[in-house]
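A.B. asks:
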Amino acid sequence: MTKNITLAIDEELLDKVRVLAAIKRTSVNEMVRNYLARLVEQEKQPDAVTEELLRLARESKGRMGDWRPSREETYSGEPRFDRWR
194 MTKNITLAID
204 EELLDKVRVL
214 AAIKRTSVNE
224 MVRNYLARLV
234 EQEKQPDAVT
244 EELLRLARES
254 KGRMGDWRPS
264 REETYSGEPR
274 FDRWR
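Residues in the sequence shown are numbered from 194 upward in steps of one, following this note's numbering.
(1) Can you tell me which of the three DSSP states residue 236 falls into?
(2) Is the CB-CB distance between residue 225 and residue 214 below 7 Å?
(3) Give the secondary structure of residue 208 by DSSP, where H, G and I count as helix, E and B as strand, and everything else as coil.
(4) With a threshold of 8 Å on Cβ separation, who are the neighbours of residue 200 within its own chain once the five nearest residues in sequence on each side are excluded?
The following block contains the structure:
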């Protein structure tokens, strides 16, 4: 079910949007609807990615267990990552 809303917009901007809508063979109303739908989808996308990462972490077979580097390993001064050499 669609609902009507009232939108206040600068007259100059509205004129430009009407021209753009005519060029695209659509309406200002349709452009606003499409924009809002895309905005909502973009907001949902990071949530879906986060959920997928959490799912992968939960289902992962690779576990470090209780392993932690020792104090000597941590403060040895030896580079631990090739990119930092």
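All C-beta atoms in this analysis are idealised placements derived from N, C-alpha and C, irrespective of residue type, glycine included.
Since this is a predicted model, take the numbers as computed values, not measurements.
C.D. replies: Reading from the atomic positions:
(1) On the sequence shown, position 43 is the one that residue 236 refers to. Helix.
(2) Taking the sequence shown and counting its residues from 1, one reaches residue 225 at position 32. Taking the sequence shown and counting its residues from 1, one reaches residue 214 at position 21. No. Outside cutoff.
(3) Position 15 of the sequence shown holds residue 208. In the three-state scheme derived from DSSP, where H, G and I count as helix and E and B as strand, residue 208 is classed as helix.
(4) Taking the first residue of the sequence shown as position 1, residue 200 is located at position 7. Cβ neighbours of residue 200 beyond the five flanking positions: 225.
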